[in-house]
Amino acid sequence: GQPQDAGQPQDAGQPQDAGQPQDAGQPQGLPLLPCDCTLLVGMYDPRTGDRLPAYDGLGARFENDAIIAGGVTLQ
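For the sequence shown, my numbering gives the first residue as 95, with consecutive numbering after it.
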């Protein structure tokens, strides 16, 4: 499997730019492994925590309701 953290954003929904520079770094609980990875993004209903469905431009549902946001390299 791949490392992932599918929980609520840290600080319960503060905007990504609301953190302090010293807050940047590795999310807690995820191992730091060198790899070429695919970044997947999914959205959640903030009231229920349920994963929202994700569809492509032709109406086909994405596997695991996650879109491919791009590739990243961890070193």
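Just so it is clear, CB atoms sit at the ideal spot from N, CA and C, and this is done for glycine as well.
Since this is a predicted model, take the numbers as computed values, not measurements.
Please report whether the beta-carbon of residue i lies at a distance below 8 Å from any beta-carbon of chain C.
i: P140; result: The structure shown has no chain C; it contains just one protein chain.
Please state the DSSP three-state secondary structure of residue i.
i: D159; result: helix
i: G165; result: strand
i: R145; result: strand
i: D150; result: coil
i: L127; result: coil
Just the C-alpha distance for residue i and residue j, rounded to the nearest angstrom, thanks.
i: G95; j: G153; result: Because the pLDDT of G95 is 45, which lies under 50, any placement of that residue in the model is unreliable, and the number read from its coordinates should be weighed accordingly. Rounded to the nearest angstrom, the two C-alpha atoms are 28 Å apart.
i: R155; j: I161; result: 10 Å
i: D139; j: Y149; result: 16 Å
i: A163; j: D144; result: 20 Å
Going by beta-carbon coordinates alone, are residue i and residue j separated by less than 8 Å?
i: L168; j: L134; result: no
i: T132; j: G165; result: yes
Measure how close the beta-carbons of residue i and residue j come, nearest whole angstrom, since I'm counting them as under 8 Å.
i: D130; j: L146; result: With a Cβ gap of about 28 Å, D130 and L146 do not count as contacting.
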